[in-house]
Amino acid sequence: DLAREHFEKAIEIDPTNDYAYFGLGLCLAKQGDIAKAAGHIKMALAMKPGNSVYQRALDKIQY
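Structural data, given as structure tokens:
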């Protein structure tokens, strides 16, 4: 979908963009690809440790 394409492009342009990884993770979760979604959200968390929004989203999709 369009949002996924935009987040992928944002990561390509700036691989340090934590929000792009988070957004891509949310898109993937919505599409049912939980494993890939979790991986991208974990990348966002690695860039911004302790981010409660990222952590809650990860917790929600994993359980």
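Numbering follows my numbering, in which position 63 of the sequence shown is assigned residue number 453; successive positions increment by one, without gaps. A virtual CB, placed ideally from N, CA and C, is assigned to each residue, including glycine. In this text, all values refer to a predicted model and were calculated from it rather than measured experimentally.
Here A434 is not near G422, since their CB atoms are 8 angstroms or more apart.
Secondary structure of G413 (DSSP, three-state): helix. A straight line joining the alpha-carbon of Y409 with that of I401 spans about 9 angstroms. I431 sits buried, since 16 or more C-beta atoms from the chains shown fall within 10 Å of its C-beta.
The beta carbon of M437 is closer than 8 angstroms to those of T406, D408, Y411 in its chain, skipping five residues each way along the sequence.
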